[in-house]
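A.B. asks: With this note's numbering applied, the sequence shown covers 119 to 405.
We put the CB at the ideal spot given by N, CA and C, even for glycine.
These figures come from a predicted structure and were not determined experimentally.
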Amino acid sequence: VDPRGAGRAAVAQAVEKLPPLPPGRRRALIVLPDALNGNPTEVVRGAQQEAGAGVGWAGGGAGSNLRSFKTAQFAQGEAYRDRVVVIAFDAQEPIGVGIQHGWYPYGPPAQVTKACGTIAIELDYESAFEVYRRTAASRGVELDVPGFASFAMTHPLGIPQASGEFVIRDPISVESDGSVRYVAEIPDGSLVRVMEGTREDLLDAAAGAATMAREATPGPLGGAVVFDCVSRYLILGEGVRDELLRFQEALGEGVPVVGCLTLGEVGAWRSTARTTATSSPRSGSPC
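The following block contains the structure:
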């Protein structure tokens, strides 16, 4: 399994079907990895290596109904599993991309002292769950393993970036040794924070992402494509309708908007493509 090579190959295949990019036109890529197999973070790294700089990025991980670990992607009349689908296109007008999440630091910084792929084994030389438990206790919340899933839904892990932003990693389970499995790669040695956010924070972030994209595209908009993390829907419930209204208000009345819920997203972050929450519950990397 070579997820980085798969990302490179998929971009190369998509781009070779386009004519040479003429002056004044912009190129964009929509990347749709299988979020339940391999390591989509590596897929995106490979895709960026192949595409180079100056490309707009968007996309999201293909997932399931959260009750099974199987998914599929559709391309050119075929269904695939354990693949990455890339859509490449050129445009005359600017292409804007916006990313926000609405999560803020909840606990003190901790260092990932042992990790393997999507699993944080130790934080600050203790089991990852123990750090979560202690962080929750400092805010008056008693946390045990059975209650972790509910707590984790509104308390993802944040990895601080040089820009001051945080890349988000959603926890999905506590393992028998106290390690925590996430839906994305946890870099060994990185600093992390337990995060929190309210429903209003999530809605404000939706409006902020749409505004960011809108401000990068002067003139009338032809339309917008939204990739929205399924975890946000699980938190907002029917309130996701309010999120859609926030998108529309920020983009402008009458602007066509289409999109989907995804298991993590891919987007341009200050010209660098990143995964914001996507990876595999069954990482292909050996521990």
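1) Of all the beta strand (DSSP E) runs that stay within the bounds of the region 160-195, which reach a length of 3 or more residues?
2) Taking just the CA atoms, how far does Val203 sit from Glu196?
3) Taking the alpha helix (DSSP H) that Ser349 falls in, what are its first and last residues?
4) Is the CB-CB distance between Arg141 and Pro336 below 8 Å?
5) Tell me, which residues are paired with Ser297 by DSSP?
6) Going by the DSSP bridge assignment, what does Asp152 pair with across the sheet?
7) Which runs of the beta strand (DSSP E), 3 residues or longer, sit entirely within the region 231-289?
8) Compute the Euclidean distance between the alpha carbons of Asp262 and Ala270, then round it to the nearest angstrom.
9) For Pro158, which three-state DSSP category applies?
10) Does the beta-carbon of Phe207 have 16 or more other beta-carbons within 10 angstroms, so that it is buried, or is it exposed?
11) List the residues that DSSP assigns as beta-bridge partners of Val312.
12) Below 7 Å CB to CB, which residues in the same chain sit around Gly123 once its five sequence neighbours on both sides are set aside?
13) Let me confirm a value: Tyr250 is counted as buried when at least 16 other C-beta atoms fall within 10 Å, else exposed. Which label applies?
14) Under the three-state reduction of DSSP, which class applies to Ala334: helix, strand or coil?
15) Can you find the residues in the same chain that come closer than 6 Å, C-beta to C-beta, to Tyr243, ignoring five residues on each side of it along the sequence?
16) Would the beta-carbon of Arg143 fall within 8 Å of that of Gln210?
17) What residues are listed by DSSP as bridge partners for Thr380?
18) Taking the alpha-carbon positions, what's the Ala342 to Leu369 distance?
19) Based on the DSSP secondary-structure assignment, which residues constitute the bridge partners of Val203?
20) DSSP has Val133 in a bridge; who is on the other side?
21) Tell me, to the nearest whole angstrom, how far the beta carbon of Thr159 is from that of Ala302; I am working on the premise that it is less than 8 Å.
22) With 16 as the cutoff for other CB atoms within 10 Å, does Ser397 come out buried or exposed?
23) In three-state terms, what does DSSP make of Gln229?
24) Any chance the region 306-313 sits against the region 273-293, with 3 or more Cβ pairs inside 8 Å?
C.D. replies: Straight from the coordinates:
1) The qualifying runs are 174-178, 191-193.
2) Distance between the alpha carbons of Glu196 and Val203 is about 11 Å.
3) For Ser349, the enclosing alpha helix (DSSP H) covers residues 348-354.
4) Per the sequence presented here, residue 141 reads as Pro, with Arg not at that position. No, the Cβ-Cβ distance between Pro141 and Pro336 is not below 8 Å.
5) None; Ser297 has no bridge partner.
6) Bridge partners of Asp152: Ala180.
7) Runs of the beta strand (DSSP E) inside the region 231-289: 237-241, 275-278, 284-287.
8) Looking at the two C-alpha atoms, the distance is approximately 11 Å.
9) In this structure, DSSP gives Pro158 a helical state, which the three-state scheme calls helix.
10) By the neighbour-count criterion, in which a residue is buried when 16 or more other Cβ atoms sit within 10 angstroms of its Cβ, Phe207 is exposed.
11) The secondary-structure analysis by DSSP pairs Val312 across a beta bridge with Leu275.
12) Gly164.
13) The Cβ neighbour count for Tyr250, taken over all protein chains shown within 10 Å, is at least 16; the residue is labelled buried.
14) Three-state result, Ala334: coil.
15) When the five nearest sequence neighbours on each side are left out, the beta carbons in the same chain lying within less than 6 Å of the beta carbon of Tyr243 are those of Thr231, in order along the chain.
16) Yes, the Cβ-Cβ distance between Arg143 and Gln210 is below 8 Å.
17) Bridge partners of Thr380: Cys347.
18) Computed Cα separation, rounded: 8 Å.
19) By DSSP's assignment, Val203 forms a beta bridge with Leu150.
20) Note: Val133 is not bridge-paired with any residue in the DSSP secondary-structure output.
21) 6 Å between Cβ atoms; contact.
22) In this prediction, Ser397 scores a pLDDT of 34, lower than 50, which makes its location untrustworthy; the coordinate-derived value is nonetheless stated afterwards. So Ser397 counts as buried.
23) Strand.
24) Note that the region 306-313 touches the region 273-293; at least 3 beta-carbon pairs, one per stretch, sit closer than 8 Å.
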